[in-house]
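Visitor:
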Amino acid sequence: MTILVVGATGELGGSVVRRLRERGATVRALVRPSSESAELESLGVEVVRGDLLDPASLALACRDVHTVVCTATAIARLLAGGGGPSLPDVDDRGVGNLVAAAETAGVERFVYISYLGVDAGIGFPLERAKAANEDRLRRARLHEVIVRPDAFQDVHLAPLGRFDVVGGKVEILGRGDSKRRWVACDDVAALVTALVLEDDPPQLVEVGGPDALSKNEAADLAQTIGGSGIKRRHMPRAAVRVVSRLLARRKPELATVFGLGLLMDLHEASADDAPLRERGIDPRPVAAHFERQFGLQ
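Quick note on the numbering used here: the sequence shown kicks off at 2 and runs consecutively.
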């Protein structure tokens, strides 16, 4: 069976592709015309050029496909200063096009990466896009497998998320006292791979990492591991909410950063690492994540 991965040039999608190929799966990747594909081709992946905003290219990509895996999102590109389509265009309209193309092509299974807390109703752009896609999948003639991971260690407890423990500075949106189950990107990729290859995977999988830690506790842990002080700056919840709303139209990717920060500060983790351990995946603890950042591994 052929597995189409959309988002294969990203960190999560790339890890899924490598793991699927290691398991001997036949993998096709939808790659934008301007994106580099040499690494995918070296893995034996069939590369199809197309775009989420080009329905005709999606119809070709979905032809004779058993399972679609969608990890695609515009947020990383936009936060890095890249041009191109907006977050609503890609994450909402574009993924909606993909769901429609998969249904028309007779795809059997659609594995979609959402996030834990998408149903909290905070109201930022990525929340609206992910919630809309979950609804589309439930209404489509597809076996949907929606994966909702908790916050990624690799993003929210790293310089990309303004949590620079090596540099000794972290920014915390809100009070920083709500516990999250920070999960490693590679562990989520291993979970997605397992779900793709299972005979009858569940329609919804909510997953976190092994540690329930608040951002303040995570900073304390990093300080202990690194052996030096970490300066913390907090932004009040009310200010986070206002900024997210003000940026929603002009900079939806930045509005999403503040919206996710508010979500993590308002809501405790509601999922654990059981879906990982049940599939033989040993989840990476937050301490190991920080040890890697400090060069101790």
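Ideal placement from N, C-alpha and C gives every residue a C-beta, glycine not left out. Computed from a prediction, not measured in an experiment: that's the story for all the values here.
Do the CB positions of F291 and A223 come within less than 8 Å of each other?
Guide: Looking up residue 291 in the sequence shown gives position 290. Looking up residue 223 in the sequence shown gives position 222. Contact: yes.
Visitor: Please report the Cβ distance between I173 and H268, rounded to the nearest whole angstrom; I am assuming they are in contact, meaning their Cβ atoms lie under 8 Å.
Guide: Residue numbering aside, residue 173 sits at position 172 when the sequence shown is read from its first letter. Residue numbering aside, residue 268 sits at position 267 when the sequence shown is read from its first letter. Not quite, the Cβ-Cβ distance comes to about 15 Å (not below 8 Å), so this is no contact.
Visitor: Can you tell me whether R142 sits near the ligand HEM, meaning its C-beta is under 7 Å from at least one heavy atom of the ligand?
Guide: Here there are no bound small molecules, and the ligand HEM is not part of this structure.
Visitor: If I measure Cβ to Cβ from T257 and keep anything under 7 Å in the same chain, skipping five residues before and after, which residues do I get?
Guide: In the sequence shown, residue 257 corresponds to position 256, counting from 1. The answer, listed in chain order, is I76, L88, F125, P126 and L127.
Visitor: For a quick check, are the C-beta atoms of S58 and D52 less than 8 Å apart?
Guide: Sequence index remark: in the sequence shown, residue 58 carries index 57 (1-based). Sequence index remark: in the sequence shown, residue 52 carries index 51 (1-based). Yes, the Cβ-Cβ distance between S58 and D52 is below 8 Å.
Visitor: Nearest-angstrom Cα distance between V156 and G162?
Guide: As a first step, residue 156 must be located in the sequence shown, where it is residue number 155. As a first step, residue 162 must be located in the sequence shown, where it is residue number 161. Cα to Cα, V156 sits roughly 5 Å from G162.
Visitor: Return the residue from the list K180, V206, R139 and I4 that minimises the CA-CA distance to V189.
Guide: As a position in the sequence shown, residue 189 is number 188, starting the count at 1. It is V206.
Visitor: Given a threshold of 16 other Cβ atoms within 10 Å of its Cβ, counted over all protein chains shown, does M265 qualify as buried or as exposed?
Guide: Indexing the sequence shown from 1 puts residue 265 at position 264. Buried, because 16 or more other Cβ atoms sit within 10 Å of the Cβ of M265.
Visitor: Return the CA-CA distance between A183 and V287, expressed in angstroms with no decimal places.
Guide: Position 182 of the sequence shown, counted from the start, is the residue given in the question as residue 183. Position 286 of the sequence shown, counted from the start, is the residue given in the question as residue 287. Note that residue 183 is Trp in the sequence shown here, rather than Ala. About 7 Å.
Visitor: Where do the N-terminal and C-terminal ends of the alpha helix (DSSP H) with H290 fall, by residue?
Guide: Reading the sequence shown from its first residue, position 289 is the one you call residue 290. Run containing H290: V287 to Q294, per the alpha helix (DSSP H) assignment.
Visitor: Kindly indicate which three-state DSSP category K180 falls into: helix, strand or coil?
Guide: As a position in the sequence shown, residue 180 is number 179, starting the count at 1. In this structure, K180 counts as coil in the three-state DSSP scheme.
Visitor: Excluding five sequence neighbours on each side, which residues of the same chain lie with their C-beta closer than 8 Å to the C-beta of L54?
Guide: Working through the sequence shown from its first residue, we reach residue 54 at position 53. Once the five neighbours on either side are set aside, the close Cβ partners of L54 are P86, D90, V91, R94, G95 and N98.
Visitor: In the DSSP assignment, find the unbroken beta strand (DSSP E) run with L174 in it and report its ends.
Guide: Residue mapping note: residue 174 aligns to position 173 of the sequence shown, counting from 1. Run containing L174: K170 to L174, per the beta strand (DSSP E) assignment.
Visitor: Counting only runs that start and end within the region 228-294, where is the beta strand (DSSP E) found for 3 or more residues in a row?
Guide: Entirely contained in the region 228-294, the beta strand (DSSP E) runs reaching 3 residues are, in chain order, 232-236.
Visitor: What three-state label does DSSP hand I123 in the structure shown?
Guide: On the sequence shown, residue 123 is found 122 positions in, with the first residue counted as 1. It is coil, neither helix nor strand.
Visitor: Using DSSP's beta-bridge definition, name the partner residues of T3.
Guide: For this step, residue 3 is matched to residue 2 along the sequence shown. T3 pairs with T27.
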